[in-house]
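**Student:**
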Amino acid sequence: MAKNLLIVESPAKAKTINKYLGKDFIVLASYGHVRDLVPKEGAVNPDQQFAMNYAVIDKNEKHVDAIAKAAAKADSLYLATDLDREGEAISWHISEILRERGLLEGKHVHRVVFSEITPKAIREAVDHPRALSLDLVNAQQARRALDYLVGFNLSPVLWRKVQRGLSAGRVQSPALRMIVEREEEIEAFKPREYWSMDAELAHANTPFRARLLRLQGKKFEQFDLTEAGSAYAARESLYQAAGAVRSSGGDTPFDTDEPSWQGGKLVVADVQSKERKRRPAAPFTTSTLQQEAARKLGFTTSRTMRLAQQLYEGIAIGDEGVVGLITYMRTDSTSLSDDAVAELRDVIGRDYGAKALPETPNVYKTKSKNAQEAHEAIRPTAAMRRPASVASALSDEQRKLYDLIWKRTVASQMQHATMNTVSVDLACGKDSAFRASGTTVIDPGFLAVYEEGKDQKNAEDEDEGRKLPRMVVGDVVPLEAILAEQHFTEPPPRFSEASLVKTLEEFGIGRPSTYASIIQTLLSREYVTLDARRFRPTDVGRAVSKFLSGHFTRYVDYDFTAKLEDELDAVSRGEEDWVPLMQRFWSPFKSLVEEKNESVDRSEASGSRVLGDDPASGKPVTVRLGRFGPFAQIGVKEDEDKPRFASLRANQSIHTITLAEALELFKLPRNLGAHPDGTDISVGVGRFGPFVKHGSTYASLKAEDDPYTIELARAVQLLHEKAEAAANRLIKSFQDGAIQVLRGRYGPYITDGNKNGRIPKEREPETLTEAECLELLAAAPDKPARGGRFGKKGKAEPKSAASKSAAKKMAEAKPAAKKAVAKKAPAKKAATKKPAAKKAVAKKAPAKKTAAKS
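First residue of the sequence shown: 15, per our numbering; consecutive thereafter.
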């Protein structure tokens, strides 16, 4: 047995490292977190110094047992989980579990960290271990406790006041607020009209365009011309100042068409040439990698991190075996090791020549002060491993991301680019002028390898690459035309993943390693949707954000959230104790939760909005968020007649819907006409979406169908398709349909209306006998009793007549059934699975923590 046990987080990493360390080590994976707070109230006890009640995570129990078994036989334990505070906490949890089981007595426990999975890095880390950092562990525990206390106390308030099933997160909520506030800016935005003026110049060598710089002695500003009349008058005066002559044709000065002018000219009044240097961007941090992968590759943050994890843990590269291609992908650092810089400079010199190398290495400052961020930027583990040499071993997405990281890292150590910008001012008469600019690259430097992406282009970007003809002061340039163009200001853009990550980082909200999970939570909770790769808040998201901003203002405040992150960072550096931090947070938060539980009215929290009055009844028309989503209402509950309700359509919002649009919703249900059998067919919208109805039969509309425009023929077709599907679902039946063999979503099964029986894989459903079906149903577990409105258990539903009949016949047929099935092992196998089914159900309890965690 190996003397040393080394623990990492992932099996892929374990497999790679095991090859590097040899027979003296056994390497096992924890498969991520090994234990977490118990998923129920009281897991964090504020009255006992925030003591935490942990339990081993069910799905990782077998991995913990394997680690414990190996630890019992090993002399030394090496904890080599990830090098951030979360990895430190995982190592601590593993050591605590083993200590509680009495498996660490007399054994050496080492903490090992490395930022790349290469033989050299692994061996150096093992040769120079350290002790566990309780500062990092406490910082992670404090973050987990904060998230738990916020989730378990704030989420129930949302359930009672807004809608069931909602959650509020400490960092998720400020991020949602950002998206909602941007949407409100867009809705409140009022476009302003403005006009630009450009001159098209017919230089003998190269035609070019110039922007209006000065108009009648005054610098030309964006809103100097705000309507057509003044714009065309200004154009008229500029033509005249340039000495142009209007040709015949009857054009009026304010004609919207371009009038014919001839003979105009502009005179070169000034030429400025300026050389500037453009420096390369720093190597990737987690945040900048997520932003750039979103901009250039269209990757989501979660996809970027998943691919980066694969590149970090190792890829099989030809004869080299499994190799970690990049360094650790969760980092705030922009620094590079001396060895990495030396290798990068060697690659640059070979591939791009000595001219591409700066005299001394480029150094980038890291903003973060955190101990766990003291490692390197994200870089290739070996710069000599060029993208083309490993492309065949990578998936298309892995290749794209590795190529991005390699190029960015190499470019970061290259010579700056040298640009030459030429600006030419051209006089138009005595008191007006135009300006043309162009930028050319003298020495590309790092641009030969990589150029950082941008969310939006500016005027300087438009000038880049534009070449102007050589001009000197006094040159006369023929005027071809003056273009007056109408524009309107645009609202701020919705956040993309790249811009949201950038803004979160700028505000200091969350940390780069959490951005992907923040975004995923907002999407999975359906607080936001992605529309053309831009975030748009849903009505539920807006209701949650409005409620939290209005009643828990401090806890969604950007500065407060950022300050709390700074305090957690201080804990990780050993500068602050975590318990006083928790106490300062908890006392006022708890009091506020208790107060809002009593004082806030639910109708206020639902975002109710009055649209106007219904012309037919005179009653008020309102929209609000309900238990099953946004809806419109005519009337109020105090009316003698009950209010009428209608669900909003998928593309409608309670914040933007108009009275006319809301009234359209009440045209459903509508009668489409008669079915071939003479009875009516109607269309409506229910809890599960739009449907057509014929008697007691319902058929859901397809995505392409609109309940407001669907016609009778299409409705008949949908009903026919449903009938066909139902007919095809039945494989065979017994006892006048009391027992049926059906095709289900997950394969064929047997049912008597009360129980569902599993069919052994080796049996053809069409060949089952009644006796076999009875035996399989007898072995199947009872269906759980249906919950009440809030998920509470109610009484079991009474058996139907068919079920009672089947049960009676089952009892009568039992001896015969036993005899018929005795020789069939598969039936007995199904029966023995009953205890396992109970165990699986029992393990579902931790799912409760989802609402509290997020």
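Glycine is no exception: its CB is placed at the ideal position from the N, C-alpha and C atoms. Note that the structure is predicted; figures quoted are calculated from it, not measured.
Going by Cα to Cα distance, which pick from W600, D655 and A630 is closest to D61?
**Tutor:** Comparing Cα positions, the closest option is W600.
**Student:** To the nearest angstrom, how far is it from the Cα of Y342 to the Cα of P762?
**Tutor:** When rounded, the distance between both Cα atoms is 47 Å.
**Student:** Based on Cα-Cα distance, which residue from A462, Y326, L493 and Q63 lies nearest to D212?
**Tutor:** Ranking A462, Y326, L493 and Q63 by Cα distance to D212 puts L493 first.
**Student:** Provide the residue(s) that pair with T723 in DSSP beta bridges, ordered along the chain.
**Tutor:** In DSSP, T723 forms no bridge with anything.
**Student:** Report the residue from A688, K681 and T636 whose alpha carbon sits nearest the alpha carbon of T672.
**Tutor:** Minimum Cα distance to T672 is reached at T636.
**Student:** Looking only at its own chain, which residues have a Cβ that is under 6 Å from the Cβ of L160, when we skip the five neighbours before and after it?
**Tutor:** Cβ neighbours of L160 beyond the five flanking positions: R184.
**Student:** For the alpha helix (DSSP H) that A152 lies in, which residues bound it at each end?
**Tutor:** The amino acid occupying residue 152 in the given sequence is Asn; Ala does not appear at that position. Looking at the DSSP string, the run of the alpha helix (DSSP H) that includes N152 is L148 to K175.
**Student:** Check N768 in the structure and name its three-state DSSP category.
**Tutor:** Three-state DSSP puts N768 in coil, outside helix and strand.
**Student:** Rounded to the nearest angstrom, what separates K797 and A85 at their Cα positions?
**Tutor:** The alpha-carbon atoms of K797 and A85 are separated by roughly 43 Å.
**Student:** Just mark L20 as buried or exposed, buried being the case when its beta carbon has 16 or more other beta carbons within 10 Å.
**Tutor:** Counting Cβ neighbours within 10 Å, L20 comes out buried, since at least 16 surround it.
**Student:** Would F64 be called buried (16 or more neighbouring beta carbons within 10 Å of its own) or exposed?
**Tutor:** By the neighbour-count rule (16 or more Cβ atoms within 10 Å), F64 is buried.
**Student:** Is it buried or exposed for R616, if we count other Cβ within 10 angstroms and need 16 for buried?
**Tutor:** The residue is exposed, with fewer than 16 neighbouring Cβ atoms inside 10 Å.
**Student:** Taking DSSP as the reference, what is the three-state secondary structure of Y92?
**Tutor:** DSSP places Y92 in strand when its eight states are reduced to three.
**Student:** Going by the beta-carbon positions, is the gap between A322 and L350 smaller than 9 Å?
**Tutor:** Not closer than 9 Å, so no.
**Student:** For G56, name the three-state secondary structure that DSSP assigns.
**Tutor:** Here G56 sits in coil by DSSP.
**Student:** Is the beta carbon of V285 closer than 9 Å to that of M428?
**Tutor:** Their beta carbons are not under 9 Å apart, which means M428 does not touch V285 by this criterion.
**Student:** Taking 8 Å as the cut-off, is the C-beta of R658 nearer than that to any heavy atom in the ligand NAD?
**Tutor:** Ligands displayed in this structure: none; no statement on the ligand NAD is therefore possible.
**Student:** N67: which of V58, N74, K73 and R178 sits nearest, CA to CA?
**Tutor:** Of the candidates V58, N74, K73 and R178, the one whose C-alpha sits nearest the C-alpha of N67 is V58.
**Student:** In whole angstroms, what separates the C-alpha of A307 from that of G338?
**Tutor:** Looking at the two C-alpha atoms, the distance is approximately 20 Å.
**Student:** Leaving out the 5 sequence neighbours to the left and right, which residues in its chain are closer than 6 Å to H877 when beta-carbon positions are compared?
**Tutor:** The shown model of the chain, from 15 to 868, leaves out residue 877, and the question about it has no answer.
**Student:** I think R422 touches P297, with their Cβ atoms under 8 Å apart; what is that distance to the nearest whole Å?
**Tutor:** Confirmed, about 6 Å.
**Student:** With a cut-off of 8 Å on the beta carbons, I'd call E214 and L582 a contact; round off their distance for me.
**Tutor:** With 8 Å as the limit, E214 and L582 do not qualify as a contact, their Cβ atoms being about 59 Å apart.
**Student:** From the DSSP output, in three-state form, read off M192 for me.
**Tutor:** Of the three classes helix, strand and coil, the one that applies to M192 here is helix, per DSSP.
**Student:** Do W209 and A255 have their CB atoms nearer than 9 Å?
**Tutor:** No. Outside cutoff.
**Student:** Put V515 into one of helix, strand or coil per three-state DSSP.
**Tutor:** Residue state, collapsed to three classes: helix.
**Student:** Taking 9 Å as the cut-off, decide whether the C-beta atoms of T318 and A189 are in contact.
**Tutor:** No, the pair does not count as a contact, with Cβ atoms beyond the cut-off.
**Student:** Could you have a look at G467 and say whether DSSP puts it in helix, strand or coil?
**Tutor:** Three-state result, G467: coil.
**Student:** Considering only the alpha carbon of each residue, which of E654, L756, E373 and A619 lies closest to V176?
**Tutor:** Ranking the options by Cα distance to V176, first place goes to A619.
**Student:** Around the C-beta of H122, are 16 or more other C-beta atoms found within 10 angstroms, so that it is buried, or is it exposed?
**Tutor:** By the neighbour-count rule (16 or more Cβ atoms within 10 Å), H122 is not buried but exposed.
**Student:** Let's see if you can read the secondary structure: which residues bound the beta strand (DSSP E) around G555?
**Tutor:** Unbroken run through G555 is the alpha helix (DSSP H), D553 to H565; no beta strand (DSSP E).
**Student:** For the stretch 497-514 against the stretch 149-164, do three or more pairs of beta-carbon atoms, one drawn from each stretch, fall closer than 8 Å, so that the two count as touching?
**Tutor:** No: fewer than three Cβ pairs fall under 8 Å.
**Student:** Along the chain, where does the alpha helix (DSSP H) that runs through Y246 open and close?
**Tutor:** Unbroken alpha helix (DSSP H) run through Y246: A242 to A255.
**Student:** Please go through the same chain and pick out, in chain order, the residues whose beta-carbon is closer than 6 Å to the beta-carbon of S316, but skip the five residues on each side of it.
**Tutor:** Same-chain partners within the cutoff: A530 and Q534.
**Student:** Among the candidates H430, K468, V607 and L578, whose CA atom is the shortest distance from the CA of I456?
**Tutor:** It is H430 whose Cα lies nearest to the Cα of I456.
**Student:** Name, in chain order, the residues that DSSP records as bridge partners for N434.
**Tutor:** Paired residue(s): E289 and T454.
**Student:** Using the Cα positions of F39 and S147, report the straight-line distance between them to the nearest angstrom.
**Tutor:** Computed Cα separation, rounded: 24 Å.
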